[in-house]
Every structure is written in C-alpha cells, then in structure tokens.
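Down below is the structure, laid out as structure tokens.
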Amino acid sequence: MQKLLPRSPYERLGGYVHLPRLIDKARLHREGLLEGYNYKTVGFDKHLLAFLKIDPDAFEKAANELEDDAAILVWVRTQGVGHSPEEI
C-alpha cells in the first residue's frame with residue numbers, strides 16, 4: 021500500500037464491495053495509523069466481517085501477513101462463509 025488513505029468503499033475484490041478498503045484499514049490499524057479508530061467494531065467494516073463470518077483479529081493478521089489482495093481473497097474464501105454472486 022503506497023498511500024495512507026484506504027481505497028474507495030466502492031472498489032470490489034472477488035465481487036465483494038468494500039473488501040479492498042477493509043484490507044487497507046487492517047494494514048493501517050496494525051501500523052497505528054487510524055488514530056484510535058477501531059474499524060473492527062463499527063460501520064460497514066463490522067458488517068462485512070460479520071457477513072463473511074470472519075473473526076476481525078484473524079482478518080487483520082491475514083491482511084498483514086499475506087502478500088497481496090489475491091492471496092487475501094483466497095484466505096477470505098477459505099476461512100469465511102461462501103456466498104453466491106446474488107448474495108454478494
């Protein structure tokens with residue numbers, strides 16, 4: 021990530037709106053760059069994690085350990101609940 025602002029909430033990854041932004045926030049949070057904002061417990065971030073049925077701390081760890089968005093998407097698909105394109 022080369023910027024300090026998360027990507028647009030409208031950007032998609034694997035059909036999931038907001039997932040790229042969530043990845044950026046997980047990385048920024050780990051670096052202490054969200055100035056006390058806990059993305060895991062509020063807003064659409066919280067709802068997307070609940071929809072995926074993924075533990076927020078596990079997601080943050082994966083987002084910071086995996087190399088790129090494609091690898092994180094694979095992790096999300098294997099660790100979370102699968103959804104049809106219609107559900108997404």
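Note that this note's numbering has the sequence shown beginning at 21, numbered continuously upward.
Glycine included, each C-beta is placed from N, C-alpha and C at the ideal position.
What residue does the alpha helix (DSSP H) around residue i start on, and which one ends it?
i, result
"D89", "D89 to Q99"
"N84", "P76 to E85"
Taking only three categories from DSSP, how would you classify residue i?
i, result
"Y36", "strand"
"G63", "helix"
"K18", "Outside the displayed span of the chain (21 to 108) sits residue 18, for which this structure offers no information."
"H103", "coil"
"L42", "helix"
"L68", "helix"
So, are the CB atoms of residue i and residue j less than 8 Å apart?
i, j, result
"Y33", "L25", "As written in the sequence, residue 33 is Leu, which differs from the Tyr given in the question. No, these two residues do not count as a Cβ contact at 8 Å."
"L72", "G100", "yes"
"A46", "A90", "no"
Assign residue i to buried or exposed, taking buried as 16 or more other Cβ atoms, counted over all protein chains shown, within 10 Å of its Cβ.
i, result
"Y36", "buried"
"D44", "buried"
"E80", "buried"
"D77", "exposed"
Do the region 49–62 and the region 88–95 make contact, defined as three or more Cβ pairs closer than 8 Å?
Pairwise C-beta distances place the region 49–62 out of contact with the region 88–95, as fewer than three of them are shorter than 8 Å.
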